[in-house]
Each structure stands twice: as C-alpha cells, then as structure tokens.
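Contents: one structure, followed by commentary.
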Amino acid sequence: MVKRYPTALFLSSTLTIPLLLGGCTQHYEVKEPMSQPCRTAAVHSNAVFHPVRGSIDPSFVFSGAWIENGRMKTTLDGGWAYDPPLPGYNGDLIEGEPVTIPGTGTFELIGITLSRWGNSPETITFCFTPDPNLLDNAKKRLPPGRTLPPQDDH
Numbered sequence: 001m002v003k004r005y006p007t008a009l010f011l012s013s014t015l016t017i018p019l020l021l022g023g024c025t026q027h028y029e030v031k032e033p034m035s036q037p038c039r040t041a042a043v044h045s046n047a048v049f050h051p052v053r054g055s056i057d058p059s060f061v062f063s064g065a066w067i068e069n070g071r072m073k074t075t076l077d078g079g080w081a082y083d084p085p086l087p088g089y090n091g092d093l094i095e096g097e098p099v100t101i102p103g104t105g106t107f108e109l110i111g112i113t114l115s116r117w118g119n120s121p122e123t124i125t126f127c128f129t130p131d132p133n134l135l136d137n138a139k140k141r142l143p144p145g146r147t148l149p150p151q152d153d154h
C-alpha cells in the first residue's frame, strides 16, 4: 500500500503558483556607465557581438550572467582572429570595473536580466567605448577590395 502525503502536495502547490505568477526573468537595474561617452548595447548570453559593422573582426561573446557578492558579472571572450599582435580578452566583466582592450575599446557591464529557471538566455547590457584606432584596425584586416559600410555613432 502506498502512503499519500497531502501536506507535501499542498506545500508544493502553494510554492509553485507564486513562482509561476512571478514571471520568467529577474531584472537588475541598469547602472549609469562610468566611462562616458559610450555606446550602450544589449545582447543575449552566448551571442556574438561585433563592434564594427560589416566586419567579423573583432568579435566577442558574453557567456552567462550572475550576481556575486552583490555585483553583476559576466564572462567576456574574444578579440581579433586574424592578427595576433592585437590583444583579445578572456575573463570576467564585473560591474564597476571597465575592461580596456588596446586597439578595440572599453567594455563596461551596466545591467543584466537573469532567467529564473534557466530556460532562456540571460541578457547582458553593456557600454562600449571604441578605441580611436578601432576602425583603422578593422579596415587593415578586410579582404582585398572590400570596404566597411558607414558606421554610426550610436
């Protein structure tokens, strides 16, 4: 004979309903960037970010997003694929600690949206300030005869 525990069913029901009503994501306030002026962008976790329109180089991926010791964090990985002398980056991007990559620019984490159940990607909001040489560096790495489209300032 199987014993039934109505109390456990009641508790699981009372805990599940508020979670379902609470939505799927947890938003964290978007902070004012420390480095001004900058371009604000938002990407899903594991999406590729190209700071230069029309060029695959450089490229960066933000992997995951979390809160640690009350500060937002994500992992940033990427750089220039075809010219090793220009540095890349592989490490954490932490709220309040901008990361500058020579020849590319400065990344600053300013907001995240977390998935409560892990069934949707996190959204990472960041500020990007291009290095003064970013466009020249990208143009040097284009295939012969190819040009970059006009770049906007936003």
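Mapped onto the UniProt record's numbering, the consecutive letters of the sequence shown carry residue numbers 1 to 154. C-beta atoms are modelled at their ideal positions from N, C-alpha and C, and glycine is treated no differently.
Tell me whether the beta-carbon of residue i lies closer than 8 Å to the beta-carbon of residue j.
i           : j           : result
residue 125 : residue 111 : yes
residue 45  : residue 63  : yes
residue 96  : residue 71  : yes
residue 61  : residue 48  : yes
Can you give me the Cβ contacts of residue i inside the same chain, cut-off strictly under 8 Å, excluding the 5 residues immediately before and after it?
i           : result
residue 38  : 106, 108, 127, 128 and 129
residue 103 : 80, 86, 87, 131, 133, 134 and 137
residue 92  : 73, 74, 75 and 76
residue 22  : Confidence at residue 22 is low in this model, with a pLDDT of 42, below 50, so its placement is unreliable and no value can be given for it.
I'd like the span of the beta strand (DSSP E) that includes residue i, first residue to last.
i           : result
residue 76  : 71-79
residue 58  : Looking at the DSSP string, residue 58 is not in any beta strand (DSSP E), and its letter there is neither H nor E.
residue 130 : 123-130
Since I believe residue j is in contact with residue i (beta carbons under 8 Å), could you give me their beta-carbon distance rounded to a whole number of angstroms?
i           : j          : result
residue 114 : residue 55 : Residue 114 to residue 55, Cβ: 31 Å. No contact.
residue 141 : residue 82 : 5 Å
residue 123 : residue 41 : Actually they are not in contact, since the Cβ atoms of residue 123 and residue 41 sit about 11 Å apart, beyond 8 Å.
Which stretch, first to last residue, makes up the alpha helix (DSSP H) that contains residue i?
i           : result
residue 46  : Residue 46 -> no alpha helix (DSSP H), and no H or E assigned at all.
residue 135 : 134-140
Residue i: which of the options sits nearest, CA to CA?
i          : options             : result
residue 94 : 78, 116, 66 and 121 : 66
residue 78 : 150, 57 and 151     : 57
Apart from the five residues just before and just after residue i, which ones in its own chain have a Cβ nearer than 6 Å to its Cβ?
i           : result
residue 143 : none
residue 50  : 59
residue 100 : 106
Take residue i and list the residues in its own chain whose beta-carbon comes closer than 7 Å to its own, dropping the five residues that flank it on each side.
i           : result
residue 139 : 148
residue 90  : 77
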